[in-house]
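Protein chains in written order, with the working numbering: chain W, 2 to 325; chain L, 2 to 325.
Now the structure itself:
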């Protein structure tokens with residue numbers, strides 16, 4: 002009986018609780034089982050940001066997910082955040098930037114290449130009042146499948162037919178390169194090269210390459226954050242004196258890598274560079290108390306970073322704001 | 002320039018950031034300015050819980066909100082949670098329990114007696130797929146206006162015409178009592194008595210009184226949590242081995258009172274009893290790692306309590322779950 006040990010702390014409630022928790026029986030399943038649509042508006046000055054969830058993926062065990070930490074420590078970090086500790090849940094959250102008369106996507110989610118628990122991006126995007134035809138620009142942060150597969154479906158359909166597509170020049174140079182592809186030795190890297198080619202090779206002539214430190218859309222600056230991939234990019238979004246930093250994949254699951262920035266996720270192409278980037282960014286956004294968005298934090302995947310000692314951090318989720 | 006101090010940490014990005022953050026201009030306002038509907042499903046075994054937001058109220062200053070803490074400490078606690086530190090934001094979140102074929106409300110929100118930033122309960126309730134006519138039972142936790150005003154509107158309309166209404170016997174004894182009303186000396190307490198009378202006097206013959214430690218609905222046990230008001234009630238919800246504790250107003254704004262359970266909010270009728278209750282409950286739910294819901298936490302107002310030293314706690318928001 003779960004409450005028995007503590008139930009004497011409730012004046013007079015011990016008997017009722019001890020009985021009630023065991024005896025309670027629910028009969029009918031819910032008639033409205035669906036979750037609320039997972040979009041969320043934020044204001045950055047005059048810019049409207051909308052977080053759009055694409056659900057989550059599950060890495061079905063602990064072993065192998067973090068390259069340089071014991072499984073027990075990884076499980077414990079997840080349990081500290083009340084997440085399942087025998088597997089890793091990886092949420093996906095993209096951003097829509099509505100600015101300067103332009104509708105801009107930052108990454109596209111998993112499209113139809115998704116785990117059964119993801120692939121809900123388009124439903125949430127439409128629930129937010131958007132249509133794919135209205136998208137002016139798609140800005141890709143890096144060429145991993147969970148960020149690009151929403152652009153072109155398995156059958157080749159382009160989901161944002163009117164949109165200019167922008168890609169980091171460094172990502173194109175790395176992934177759309179036959180020599181690099183031939184050098185890939187792990188199934189994961191081979192798969193990443195093959196998937197990048199699948200999505201982009203037929204449309205590469207229409208893709209605009211972008212460099213870091215430049216505007217990729219009105220109010221949106223591409224900021225280099227290498228290591229996760231060679232051209233992995235964050236987005237600094239600003240309007241007037243209000244700022245937002247979309248830090249993309251400087252961490253995977255935030256319960257693991259914000260708290261333990263020295264840990265390296267299995268997906269990083271250069272773990273040492275990624276670690277240095279992670280430290281730099283977490284140091285910066287915590288010192289500046291910046292509003293940040295993560296691709297792999299629990300929806301709505303935004304908040305603030307606080308520093309806890311020399312090299313540990315916490316993510317403080319932002320309070321849900323409504324109505325605007 | 003906000004980022005200047007740290008911008009050298011971004012390899013090569015300093016110039017771009019320094020220019021971009023200042024120069025970015027957004028032109029068009031958002032075409033779809035509304036926030037997502039603020040309802041949120043949770044599963045407790047076979048029971049479906051739905052958190053329904055009624056927005057928030059604002060206490061427009063710091064002074065007076067906490068009876069026994071310096072204003073500076075209160076502001077600092079809010080700032081630590083990245084909430085506004087010159088005022089107190091008070092979110093309202095009710096719960097719908099769908100269990101045993103019964104649709105049960107735990108409290109009703111502000112109805113039409115609300116601050117302009119609240120009063121959105123019915124919209125969110127309908128967005129969640131519910132209708133007021135389908136409500137079988139309304140269980141009131143205590144008789145403060147933000148919990149009961151949704152039951153009967155200003156013009157007397159009962160919003161849940163088919164519902165049995167249940168009220169703690171101790172709340173009825175305290176608030177629906179002419180002697181106690183006559184003894185009230187502060188405008189706040191006088192207002193609370195007058196409002197309880199407004200809502201309930203015309204319908205009191207149809208109200209069912211309930212005692213603590215008993216089921217008030219299938220799977221829902223009323224648990225005494227006195228001090229905030231004499232009959233202030235929490236709800237222990239259970240199905241099979243899964244538990245959820247709706248702690249109602251054992252804290253107001255969670256950034257203040259979870260972290261500082263010795264602090265007393267201005268609304269408590271007996272601050273000492275409320276403080277003892279708060280400590281007991283926070284100790285219990287943290288030791289048992291229980292999933293908890295607060296009435297006055299940021300939407301969706303659920304998570305877990307961790308203990309930090311002898312008498313400080315933290316609220317770890319639960320990761321958003323989807324789809325069920």
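Note that the Cβ used here is the ideal one computed from N, Cα and C, for glycine as well.
Test: residue i CB closer than 9 Å to a CB of chain W
| i | result |
| --- | --- |
| residue 82/L | yes |
| residue 167/L | no |
| residue 57/L | yes |
| residue 38/L | yes |
| residue 61/L | no |
| residue 90/L | yes |
| residue 275/L | no |
| residue 121/L | yes |
| residue 112/L | no |
| residue 209/L | no |
| residue 11/L | Because residue 11/L carries a pLDDT of 30, less than 50, the predicted location of this residue cannot be relied on, and no value is offered for it. |
| residue 230/L | no |
| residue 129/L | yes |
Contact with chain L by residue i, beta-carbon distance below 9 Å
| i | result |
| --- | --- |
| residue 35/W | yes |
| residue 29/W | Interpretation of residue 29/W is limited by its pLDDT of 42, a score under 50 that renders its predicted location unreliable; no figure is taken from the coordinates. |
| residue 305/W | yes |
| residue 118/W | yes |
DSSP state of residue i mapped onto helix, strand, coil
| i | result |
| --- | --- |
| residue 99/W | strand |
| residue 193/L | helix |
| residue 1/L | Examination of residue 1/L is not possible in this model, given that chain L is present from 2 through 325 alone. |
| residue 247/L | strand |
| residue 86/W | coil |
| residue 136/W | coil |
| residue 292/L | strand |
| residue 31/L | Its pLDDT being 43, under 50, residue 31/L is placed unreliably by the model, and the measurement read from it follows with that caveat. In the structure shown, residue 31/L sits in coil (DSSP, three-state: anything other than H, G, I, E or B). |
| residue 281/L | helix |
| residue 330/L | Past the edges of chain L, shown from 2 to 325, lies residue 330/L, and the structure says nothing about it. |
| residue 316/L | strand |
| residue 62/L | coil |
| residue 166/L | strand |
| residue 22/L | Residue placement at residue 22/L cannot be trusted, given a pLDDT of 38 that sits under 50; the coordinates are not used to answer. |
| residue 276/W | helix |
| residue 79/L | helix |
| residue 131/L | coil |
| residue 259/W | coil |
| residue 146/L | helix |
| residue 199/L | helix |
| residue 151/W | coil |
| residue 204/W | helix |
Bridge-paired residues (DSSP) for residue i
| i | result |
| --- | --- |
| residue 1/W | The shown model of chain W, from 2 to 325, leaves out residue 1/W, and the question about it has no answer. |
| residue 40/W | 53/W |
| residue 299/L | According to DSSP, which records beta bridges pairwise, residue 299/L is partnered with nothing at all. |
| residue 92/W | 57/W |
| residue 119/L | 56/L |
| residue 304/L | 293/L, 318/L |
| residue 209/W | 167/W |
| residue 48/W | 45/W |
| residue 105/L | 98/L, 138/L |
Residue i beta carbon near the ligand FAD (any heavy atom closer than 8 Å)
| i | result |
| --- | --- |
| residue 304/W | Of ligands this structure carries none, so the ligand FAD is not represented either. |
Please name the residues in the segment 312 to 323 of chain W whose beta-carbon is closer than 8 Å to at least one beta-carbon of chain L, in chain order. 317, 318, 319, 320, 321, 322, 323
Cβ contact (3+ pairs, closer than 8 Å) linking the segment 100 to 117 of chain W and the segment 147 to 156 of chain W: yes
With 9 Å as the limit, tell me which residues of the segment 41 to 54 of chain W have their beta carbon closer than that to any beta carbon of chain L; keep them in chain order. 41, 42, 44, 45, 46, 47, 48, 49, 51, 54
Quick one, which residues of the segment 145 to 164 of chain W are near chain L if we go by CB-CB under 9 Å, in chain order? none
Check whether the segment 269 to 288 of chain L and the segment 235 to 251 of chain L are in contact - that is, three or more C-beta pairs closer than 8 Å. yes
Can you give me, in chain order, the residues of the segment 285 to 300 of chain L that have a beta carbon less than 7 Å from any beta carbon in chain W? 285, 288, 289, 299, 300
Taking 8 Å as the cut-off, does the segment 155 to 172 of chain W touch the segment 221 to 237 of chain W (at least 3 CB pairs, one atom from each stretch)? yes
Answer yes if the segment 188 to 205 of chain W comes into contact with the segment 218 to 226 of chain W, meaning at least three C-beta pairs across the two stretches below 8 Å, and no otherwise. no
With contact counted as at least three CB pairs below 8 Å, one residue from each stretch, are the segment 45 to 56 of chain W and the segment 82 to 101 of chain W in contact? yes
Under 8 Å: do the segment 292 to 308 of chain W and the segment 56 to 63 of chain L share three or more Cβ pairs, one atom per stretch? no
Is it the case that the segment 257 to 269 of chain W contacts the segment 63 to 71 of chain W, given that we only count it when at least three CB pairs across the two stretches are under 8 Å? yes
Could you check whether the segment 151 to 160 of chain W touches the segment 184 to 194 of chain W, counting it as contact only if at least three pairs of C-beta atoms, one from each stretch, sit closer than 8 Å? no
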